[in-house]
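Data first, discussion second: the structure below is written as structure tokens.
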Amino acid sequence: MEKMLLKTTTRHVRIFTADVVNDNLLFHPNKLTLDLDPDNEFIWNEESIDKVNHKFAELVEEREGKSLDDYELRKIGSEIEGLIKYLLQNGLLSYNPECRVMNYSMGLPKTNEIL
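Residue numbers for the sequence shown follow our numbering, beginning at 49 and rising by one.
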């Protein structure tokens, strides 16, 4: 029986049990691929992307030897969401005003008027 690609989606994170080959996702039972902020809700800088990638690698390494099932993928996605919120709240990330829908999914931006 052929295994099926697993995918978990949170608001800003998609995780696949796949490898990217020639811009296509190919099922891989021991590889996770991260699609970060697919709706471009945030403006990213290299430091923020590095922090997310580092945390993702850490979370994947912690699960080495465990089954990469839907439950584990959701746990990883939730932890990455928490990191994104932390980065936003600490000014390391900002909302993208060019995003097609501004819903402030991680809370209202902090401005001098609000502080």
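Built from N, CA and C at the ideal position, the CB exists for glycine as well.
Beta-carbon gap between residue i and residue j smaller than 8 Å
| i | j | result |
| --- | --- | --- |
| Leu-80 | Ile-63 | yes |
| Lys-99 | Leu-73 | no |
| Leu-116 | Leu-53 | no |
| Val-61 | Ile-128 | yes |
Bounding residues of the beta strand (DSSP E) (the contiguous stretch that carries residue i)
| i | result |
| --- | --- |
| Arg-111 | Note, Arg-111: premise wrong, no beta strand (DSSP E); not H, not E. |
| Leu-121 | That residue, Leu-121, is in no beta strand (DSSP E); its alpha helix (DSSP H) goes 118-137. |
| Lys-55 | 55-57 |
| Arg-148 | It is not in any beta strand (DSSP E) - Arg-148 carries neither H nor E in the DSSP assignment. |
DSSP three-state assignment for residue i, whether helix, strand or coil
| i | result |
| --- | --- |
| Val-69 | strand |
| Asp-83 | strand |
| Pro-153 | Per the sequence shown, residue 153 should be read as Ser rather than Pro. Ser-153: coil per DSSP, three-state reduction. |
Counting pairs of Cβ atoms below 8 Å between the segment 104-124 and the segment 144-159, do you hit three or more? Contact between the segment 104-124 and the segment 144-159 is absent: fewer than three C-beta pairs spanning the two stretches fall below 8 Å.
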